[in-house]
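Engineer:
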Amino acid sequence: MLIGYARVSTDDQLLDLQQDALTKVGCERIFTDRESGAKATRLGLTSALDMLRTGDTLVVWRLDRLGRSLKNLIELTELLRERSIQLHSIQEGIDTSTSGGQLMFHLFGALAEFERNLIRERTNAGLTAARTRGKTGGRPKALEPNQRALVVSLYNEKQHSLDEICQMMGISRPTLYSYVAEEQNSAPQTNPRLGSS
54 MLIGYARVST DDQLLDLQQD ALTKVGCERI FTDRESGAKA TRLGLTSALD MLRTGDTLVV
114 WRLDRLGRSL KNLIELTELL RERSIQLHSI QEGIDTSTSG GQLMFHLFGA LAEFERNLIR
174 ERTNAGLTAA RTRGKTGGRP KALEPNQRAL VVSLYNEKQH SLDEICQMMG ISRPTLYSYV
234 AEEQNSAPQT NPRLGSS
């Protein structure tokens, strides 16, 4: 089944040219959007993707009607490939049901993998550089060590409610519990079976 998708950026632009071209190649259904390709969610495109099944073909007048950026286009073509859905772009002459079109799909897939690897390498390099400067990941402690000790002291004295302590110190209950647990774990353990010598 051929499913068409057409998009124009503004209300004053016409969809006629794209719709005529999509109808001419035999699209049984055509979904449209009248909004910028920069928008993350486009209802027409979402509906078209929902309708497509394995073996179907998504037809667009031009590739720039489909993707809002090269990255987005690569992601969409990768999604189509994973679902075994073909892509046909009329203006560019790309048809993934042909060997040349399959080559294009593989190129898009290779570009997507290349970008993932670059992101992974940059992330790892950044983490390594941060570690060499003595920085570790994770959120910083909300309070200084002396303030954490005060939280534990207030908790142990049992003169204030948990909510009062949290409000005074500007922390949440889970944070309070983590400070108490941290203090208990760091306290030296005594063995009651051992007497004094």
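For the sequence shown, the positions run 54 to 250 when the numbering used here is used. We treat Cβ as the ideally placed atom computed from N, Cα and C, and that holds for glycine. All of these numbers come straight from a predicted model, not from anything done at the bench.
Across which residues does DSSP place T58 in a beta bridge pair?
Structural biologist: At residue 58 the sequence reads Tyr, which differs from the Thr that was named. Answer is F84, V113, bridged to Y58.
Engineer: Whole angstroms is fine: what's the gap from L164's alpha carbon to L156's?
Structural biologist: 12 Å
Engineer: In whole angstroms, what separates the C-alpha of S142 from that of L171?
Structural biologist: 28 Å
Engineer: Quick check on DSSP: helix, strand or coil for Q139?
Structural biologist: Strand.
Engineer: Helix, strand or coil for I218? Go by DSSP, reduced to three states.
Structural biologist: helix
Engineer: Taking only the alpha-carbon atoms, compute the straight-line gap between A74 and R82 and give it to the nearest angstrom.
Structural biologist: 13 Å
Engineer: Relative to the C-alpha of Q297, which candidate in Q237, D117, N125, R186 has its C-alpha closest?
Structural biologist: Because the chain spans 54 through 250 in this model, residue 297 falls outside it and cannot be assessed.
Engineer: Suppose contacts are defined by Cβ-Cβ distances below 8 Å. Is L111 in contact with G120 by that definition?
Structural biologist: no
Engineer: With which residues is D148 paired in a DSSP beta bridge?
Structural biologist: H141
Engineer: Distance check for T181 and N209, CA to CA, integer angstroms please.
Structural biologist: 40 Å
Engineer: Mapping DSSP to helix, strand and coil, what is I127?
Structural biologist: helix
Engineer: Quick one: what does DSSP say E197 is sitting in, helix, strand or coil?
Structural biologist: coil
Engineer: Where L203 and G187 are concerned, what is the direct C-alpha to C-alpha distance, given to the nearest angstrom?
Structural biologist: 27 Å
Engineer: Leaving out five residues before and five after I218 in sequence, what residues of the same chain have Cβ atoms less than 7 Å from its Cβ?
Structural biologist: V204, L207, Y208, L229
Engineer: Hey, how far is the Cα of G57 from the Cα of F161?
Structural biologist: 21 Å
Engineer: Answer with buried or exposed for A234, where buried requires no fewer than 16 other C-beta atoms within 10 angstroms of its C-beta.
Structural biologist: exposed
Engineer: What is the rounded straight-line gap between the Cα of D148 and the Cα of L140?
Structural biologist: 6 Å
Engineer: Output the distance between the C-alpha atoms of S62 and I127, rounded to the nearest integer angstrom.
Structural biologist: 20 Å
Engineer: What's the C-alpha gap between R169 and E236?
Structural biologist: 42 Å
Engineer: If you follow the alpha helix (DSSP H) that L229 is in, where does it begin and where does it stop?
Structural biologist: 226 to 239
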